[in-house]
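Student: Quick note on the numbering used here: the sequence shown kicks off at 460 and runs consecutively.
For reference, the structure I am asking about is given below.
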Amino acid sequence: MTIFTDIEAAIEEARFRCKIANQQFAVVQRNNGKMKVLSERWLIKKGNIKSMYSTRLDKHHSVLRG
């Protein structure tokens with residue numbers, strides 16, 4: 460699993476994985492400040508983890524470049 464320090468790179472990876480796997484992904488920030496891209500299914504299963512970005516809401520009320 461890749462660790463990211465750049466939010467735009469993490470979002471690009473989440474979008475890429477979403478297209479390839481045909482499921483939703485999210486960017487989450489770890490305790491050390493680094494970011495990971497995880498599937499939303501995993502996040503829902505764990506329950507207590509908040510995401511910084513989700514492909515589910517991509518380009519809806521977003522100021523991110525698409």
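Glycine included, each C-beta is placed from N, C-alpha and C at the ideal position.
In angstroms with no decimal places, state the Cα-to-Cα distance between Val496 and Asn481.
Tutor: Each residue's alpha carbon lies about 15 Å from the other.
Student: Keeping to the same chain, check which residues put their C-beta closer than 6 Å to that of Met494; ignore five residues upstream and five downstream.
Tutor: Closer than 6 Å at Cβ, skipping near neighbours: Phe463, Ala469, Val486, Gln488.
Student: Apart from the five residues just before and just after Arg476, which ones in its own chain have a Cβ nearer than 6 Å to its Cβ?
Tutor: Once the five neighbours on either side are set aside, the close Cβ partners of Arg476 are Phe484.
Student: Find the nearest neighbour of Asn490 within the set Asp517, Ser510, Lys518, Arg500, judged by alpha-carbon distance.
Tutor: The residue with the shortest Cα to Cα distance from Asn490 is Ser510.
Student: Between Ser513 and Ala473, what straight-line distance do the alpha-carbon atoms span, to the nearest angstrom?
Tutor: Roughly 8 Å separates the two Cα atoms.
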